[in-house]
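Engineer:
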Amino acid sequence: MLSMNKNRLFNLTRLRLTGYYVGVMGLILSLCGAAFYSMMAEAHWHALHRELESVAGTLHDGLEPNLKQPGTINPSVQKIIPELCLAGVTCVANETQTHRHVLGAVQQEGYYARFLTQSGQVVATVGQQPDQLPFVGGDELWQTLTDRQGRRYHHISLLLKTSGRQPWGYLQVGRSLQSFDEHLATTRLLLLLGLPVTMLLVTGASWWLAGLAMRPVYQSYRQIQQFTGDAAHELRTPLAATKATIESALEADPLTAAEARSTLQTIERQNNRLIQLVQDLLLLSRMDLQMLPLKSQTVKLNALISDIVDEFEALAIASGLQLETEIGIQQPVVLVGDEEQLYRLIANLVTNAIQYTPKGGLIVIRLSTTQEYAIIQVQDTGIGIPEAEQTQIFDRFYRVNSDRSRHTGGAGLGLAIAQAITQAHRGSLRVQSTLNQGSTFTLALPLTRSVAFYGN
Ligand code: ADP
Numbered sequence: 211m212l213s214m215n216k217n218r219l220f221n222l223t224r225l226r227l228t229g230y231y232v233g234v235m236g237l238i239l240s241l242c243g244a245a246f247y248s249m250m251a252e253a254h255w256h257a258l259h260r261e262l263e264s265v266a267g268t269l270h271d272g273l274e275p276n277l278k279q280p281g282t283i284n285p286s287v288q289k290i291i292p293e294l295c296l297a298g299v300t301c302v303a304n305e306t307q308t309h310r311h312v313l314g315a316v317q318q319e320g321y322y323a324r325f326l327t328q329s330g331q332v333v334a335t336v337g338q339q340p341d342q343l344p345f346v347g348g349d350e351l352w353q354t355l356t357d358r359q360g361r362r363y364h365h366i367s368l369l370l371k372t373s374g375r376q377p378w379g380y381l382q383v384g385r386s387l388q389s390f391d392e393h394l395a396t397t398r399l400l401l402l403l404g405l406p407v408t409m410l411l412v413t414g415a416s417w418w419l420a421g422l423a424m425r426p427v428y429q430s431y432r433q434i435q436q437f438t439g440d441a442a443h444e445l446r447t448p449l450a451a452t453k454a455t456i457e458s459a460l461e462a463d464p465l466t467a468a469e470a471r472s473t474l475q476t477i478e479r480q481n482n483r484l485i486q487l488v489q490d491l492l493l494l495s496r497m498d499l500q501m502l503p504l505k506s507q508t509v510k511l512n513a514l515i516s517d518i519v520d521e522f523e524a525l526a527i528a529s530g531l532q533l534e535t536e537i538g539i540q541q542p543v544v545l546v547g548d549e550e551q552l553y554r555l556i557a558n559l560v561t562n563a564i565q566y567t568p569k570g571g572l573i574v575i576r577l578s579t580t581q582e583y584a585i586i587q588v589q590d591t592g593i594g595i596p597e598a599e600q601t602q603i604f605d606r607f608y609r610v611n612s613d614r615s616r617h618t619g620g621a622g623l624g625l626a627i628a629q630a631i632t633q634a635h636r637g638s639l640r641v642q643s644t645l646n647q648g649s650t651f652t653l654a655l656p657l658t659r660s661v662a663f664y665g666n
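Residue numbering for the sequence shown follows the numbering used here, starting at 211 and increasing by one per position.
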């Protein structure tokens, strides 16, 4: 079978499908990445706020009762925060005096706290002081500021009151956003670099998946192509024969009555062949489309088989064959189905047995039952079917060694029709065959109501 990659239409469709997959996946992944990024940034920001809030809250509550004069740090405040560095005084960091439980995060690198008067003058600081951080109106609770070096800081700004409930100034607890920004930048970079790599993988997977999804479609497309080719070929043979016959009759001058009769007989024969072929094709396509209304009749299989034997006996004798029946059951076997189609099904098997059994052979038609099925076997002592082709013979137009069977006139539709009728009756049709010894076709039909579609 031709590879799908060599078919332009399928290749284009596969490419297009891959494109759609990649586009949709790209969009979904980008949205997921963006959502992940913003959720992560939000979570970090939230954690940062909580941390600063808790330190600022503790300081605020601890300090307010000790604040007396607005904008002035009392010694009692310095007691609470010994590492407090007053404005204008050079401070030396003293690691041993740290009061971690009061200052918490402010002890860490990058954190700071500062006290400002209401007009924005720095009174005292703790922790790493940002370089010349400007003062922003104290009313805003959260402030993000940038120092001269372009580093960002974020702090909470609380208004402190003296013990006499007078506004004292501001307490600001904040931290550098450097690590926060770096972390987000790394995540952004990873996401941006990861996306093309992921898209590359998605493209490969999509191409493979598109191929996988299209394989069955391609197979049926090939089958239809094959079928059309085979049908055209089968139709061409009788048409060409008719044409040749007519041409030679037209050339004969004068055309005798006997010649005219013989010509017409040939044309009639070819015409019958065409009619048969077209009827068979029509039957198959109607069955495919489930448009053939099968009848739901009570069919007596014993009577059906004896009718078939009656019909084919003469042909069997003429072919030098013996035709026998073996009924392995006393009572009549009755099932529900379409009598005409079942007749056609068994007749096709018997015709084949006669066609493919050389002179002196034996054909046996058996009827038996199991609990659920009526079993009909058509056994011959004919040429047999090679094992490798035993499944293909049920395909439309398939013939084992078509050159040999050409003279039999069969188009290779007999078993395809038999199979379609069997399936419509929810039965099964199998073959067992040994080359040069014979074949046995076994048909099993359910004894209970069996017509699969359009029965009534
Ligand atoms: P055809 O019109 O050629 O008989 P079928 O569909 O009935 O088409 O059968 C398909 C092919 O299967 C035949 O061409 C023949 O090669 C093989 N075949 C079918 N029945 C038999 C049989 N009883 N013995 C040997 N070969 C058979």
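Backbone N, C-alpha and C fix where the C-beta goes; we use that ideal spot for every residue, glycine too.
Please read these numbers as outputs of a predicted model, since none were measured by experiment.
On the criterion of 16 or more Cβ atoms from any shown chain inside 10 Å, does Phe522 qualify as buried, or is it exposed?
Structural biologist: The residue you call residue 522 lines up with position 312 of the sequence shown. Around the C-beta of Phe522, 16 or more other C-beta atoms lie within 10 Å, and the residue is accordingly described as buried.
Engineer: Quick one: using the 10 Å Cβ neighbour count with 16 as the cut-off for buried, is Glu444 buried or exposed?
Structural biologist: Counting from 1 along the sequence shown, the entry for residue 444 is found at position 234. Glu444 counts as buried, since at least 16 other C-beta atoms from the protein chains shown sit within 10 angstroms of its C-beta.
Engineer: Give the secondary structure of Asp391 by DSSP, where H, G and I count as helix, E and B as strand, and everything else as coil.
Structural biologist: Counting from 1 along the sequence shown, the entry for residue 391 is found at position 181. Three-state DSSP puts Asp391 in a helix.
Engineer: Quick check on the DSSP output: the beta strand (DSSP E) that includes Leu653 runs from which residue to which?
Structural biologist: In the sequence shown, residue 653 corresponds to position 443, counting from 1. Note, Leu653: beta strand (DSSP E), 648-656.
Engineer: Give the DSSP bridge partners of Arg295, in chain order.
Structural biologist: Translated into the one-based positions of the sequence shown, residue 295 becomes position 85. It is Cys, not Arg, that sits at residue 295 in the sequence shown. Per DSSP, Thr335.
Engineer: Counting beta carbon pairs with one atom in the segment 586-593 and one in the segment 550-561, are three or more of them shorter than 8 angstroms?
Structural biologist: yes
Engineer: Any heavy atom of the ligand ADP within a distance shorter than 7 angstroms of the CB on Arg226?
Structural biologist: Position 16 of the sequence shown, counted from the start, is the residue given in the question as residue 226. No - the ligand ADP has no heavy atom lying nearer than 7 angstroms to the Cβ of Arg226.
Engineer: Which residues does DSSP pair with Ile366 in a beta bridge?
Structural biologist: Reading the sequence shown from its first residue, position 156 is the one you call residue 366. In the DSSP output, where bridge partners are listed per residue, Ile366 has Trp352, Val383.
Engineer: Excluding the 5 residues preceding and the 5 following Ala266 in the sequence, name in chain order all residues of the same chain whose CB lies nearer than 6 angstroms to its CB.
Structural biologist: For this step, residue 266 is matched to residue 56 along the sequence shown. Excluding sequence neighbours, Ala266 sits near Ile366, Leu368, Val383.
Engineer: Which residues in the same chain have their Cβ closer than 7 angstroms to the Cβ of Gly571, if we skip the five residues on either side of it in sequence?
Structural biologist: On the sequence shown, residue 571 is found 361 positions in, with the first residue counted as 1. Contacts found: Leu531, Asp590, Thr591, Gly592.
Engineer: Let me know if Cys295 comes out buried or exposed under the rule of 16 or more other beta-carbons within 10 Å of its beta-carbon.
Structural biologist: Your numbering for residue 295 matches position 85 in the sequence shown. Taking all protein chains shown into account, Cys295 has 16 or more neighbouring C-beta atoms within 10 Å of its C-beta and is therefore buried.
Engineer: Return helix, strand or coil for Asp590, following the three-state DSSP convention.
Structural biologist: Along the sequence shown, one-based indexing puts residue 590 at 380. The answer is strand: DSSP assigns Asp590 an E or B state.
Engineer: For Gln565, report the span of its alpha helix (DSSP H) as first-last.
Structural biologist: Locating residue 565 in the sequence shown gives position 355, counting from the first residue. 549-565 is the extent of the alpha helix (DSSP H) around Gln565.
Engineer: Return the CA-CA distance between Thr644 and Gly594, expressed in angstroms with no decimal places.
Structural biologist: Numbered from 1 along the sequence shown, position 434 holds the residue referred to as residue 644. Numbered from 1 along the sequence shown, position 384 holds the residue referred to as residue 594. Taken atom to atom, the span from the alpha-carbon of Thr644 to that of Gly594 is near 5 angstroms.
Engineer: For the ligand ADP, is there any heavy atom lying closer than 7 angstroms to the beta carbon of Tyr553?
Structural biologist: Against the sequence shown, residue 553 aligns to sequence position 343. Answer for Tyr553: no, Cβ out of range of the ligand ADP.
Engineer: Where do the ends of the alpha helix (DSSP H) carrying Val234 lie?
Structural biologist: Taking the first residue of the sequence shown as position 1, residue 234 is located at position 24. Per DSSP, Val234 belongs to the alpha helix (DSSP H) from 218-273.
Engineer: Could you give the distance in angstroms between the alpha-carbon of Gln342 and the alpha-carbon of Val287?
Structural biologist: The residue given as residue 342 occupies position 132 in the sequence shown. The residue given as residue 287 occupies position 77 in the sequence shown. Each residue's Cα considered, the two are about 24 angstroms apart.
Engineer: From what residue to what residue does the beta strand (DSSP E) around Lys510 run?
Structural biologist: Along the sequence shown, one-based indexing puts residue 510 at 300. Note, Lys510: beta strand (DSSP E), 507-510.
Engineer: Using the three-state DSSP reduction, which class does Pro406 fall into: helix, strand or coil?
Structural biologist: Counting from one through the sequence shown, the residue named residue 406 turns up at place 196. Three-state result, Pro406: helix.
Engineer: With 16 other CB atoms within 10 Å as the buried threshold, where does Leu502 fall?
Structural biologist: Looking up residue 502 in the sequence shown gives position 292. Buried.
Engineer: Just to check, is the beta-carbon of Thr652 closer than 7 angstroms to a non-hydrogen atom of the ligand SAM?
Structural biologist: This structure lacks the ligand SAM; its bound ligands are the ligand ADP.
Engineer: Could you tell me the boundaries of the beta strand (DSSP E) in which Thr473 lies?
Structural biologist: Your numbering for residue 473 matches position 263 in the sequence shown. First-last for Thr473: 467-498, but that is the alpha helix (DSSP H), not the beta strand (DSSP E).
Engineer: Starting from the C-beta of Pro448, find all residues in its chain whose C-beta is less than 7 angstroms away, skip the five residues before and the five after it, and write them out in chain order.
Structural biologist: Residue 448 sits at position 238 when you count from the first residue of the sequence shown. Taken in chain order, the residues that qualify are Gln480, Arg483, Leu484.
Engineer: Does the separation of the CB atoms of Asp357 and Pro340 fall below 8 angstroms?
Structural biologist: By one-based count along the sequence shown, residue 357 stands at place 147. By one-based count along the sequence shown, residue 340 stands at place 130. With contacts defined as CB atoms closer than 8 angstroms, Asp357 and Pro340 qualify as a contacting pair.
Engineer: Over what stretch of residues does the beta strand (DSSP E) that includes Ile575 continue unbroken?
Structural biologist: Looking up residue 575 in the sequence shown gives position 365. Element bounds for Ile575: 572-579.
Engineer: Within a Cβ cutoff of 7 angstroms, which residues of the same chain sit near Ser615, ignoring the five residues on either side of it in sequence?
Structural biologist: Start at 1 with the first residue of the sequence shown, and residue 615 comes out as number 405. With a pLDDT of 48 at Ser615, under the threshold of 50, the predicted position of this residue should be treated as unreliable, though the coordinate-derived value follows. If we look at Ser615 and ignore the five residues flanking it on each side, its Cβ neighbours are Arg609.
Engineer: Do the segment 598-609 and the segment 574-586 meet, that is, are 3 or more Cβ pairs less than 8 angstroms apart?
Structural biologist: By the Cβ criterion, the segment 598-609 is not in contact with the segment 574-586, since fewer than three pairs of Cβ atoms, one from each stretch, lie closer than 8 angstroms.
Engineer: From this set, Glu461, Val519, Phe345, which residue's C-alpha is nearest Val332's C-alpha?
Structural biologist: Along the sequence shown, one-based indexing puts residue 332 at 122. Selected option, being the one with the closest Cα: Phe345.
Engineer: Using a Cβ-Cβ cutoff of less than 6 angstroms, which residues in the same chain neighbour Glu534 once the five nearest sequence positions on both sides are dropped?
Structural biologist: One-based indexing of the sequence shown puts residue 534 at position 324. Closer than 6 angstroms at the Cβ level, and outside the excluded window around Glu534, lie Val574.
Engineer: Which residues in the same chain as Asn666 place their Cβ atom closer than 7 angstroms to its Cβ, once the five residues preceding and following it in sequence are excluded?
Structural biologist: Here residue 666 corresponds to residue number 456 of the sequence shown, with the count starting at 1. Confidence in Asn666 is poor, its pLDDT being 38 and thus under 50, which makes the residue's placement unreliable; the coordinate value appears in the next sentence. Residues Ser506 of the same chain have their beta carbon placed closer than 7 angstroms to that of Asn666, with the five preceding and five following residues left out of the count.
Engineer: Would you kindly work out how many angstroms separate the C-alpha atoms of Ala630 and Gln647, rounded to a whole number?
Structural biologist: Walking along the sequence shown from the start, residue 630 turns up at place 420. Walking along the sequence shown from the start, residue 647 turns up at place 437. One C-alpha to the other measures close to 27 angstroms.
Engineer: For the ligand ADP, I want to know if Leu623 counts as a neighbour, meaning its beta carbon is within less than 7 angstroms of at least one of the ligand's heavy atoms.
Structural biologist: As a first step, residue 623 must be located in the sequence shown, where it is residue number 413. Yes.
Engineer: Between Ser649 and the ligand ADP, is the CB less than 7 angstroms from at least one heavy atom?
Structural biologist: As a working note, residue 649 is residue 439 in the sequence shown. Ser649: yes, Cβ under 7 angstroms from the ligand ADP.
Engineer: Pick from Gln565, Ser578, Gln279: whose alpha carbon is nearest that of Gly620?
Structural biologist: Looking up residue 620 in the sequence shown gives position 410. Of Gln565, Ser578, Gln279, the residue nearest in Cα terms is Gln565.
Engineer: Just to confirm my understanding: we take Thr413, look at its own chain, exclude 5 residues before and 5 after, and list those with CB closer than 6 angstroms. What are they?
Structural biologist: By 1-based counting over the sequence shown, the position of residue 413 is 203. If we look at Thr413 and ignore the five residues flanking it on each side, its Cβ neighbours are Val232.
Engineer: Short of 7 angstroms in beta carbon distance, which residues of its chain neighbour Ser638, apart from the five on each side in sequence? Order them along the chain.
Structural biologist: By 1-based counting over the sequence shown, the position of residue 638 is 428. Thr632, Ala654, listed in sequence order.
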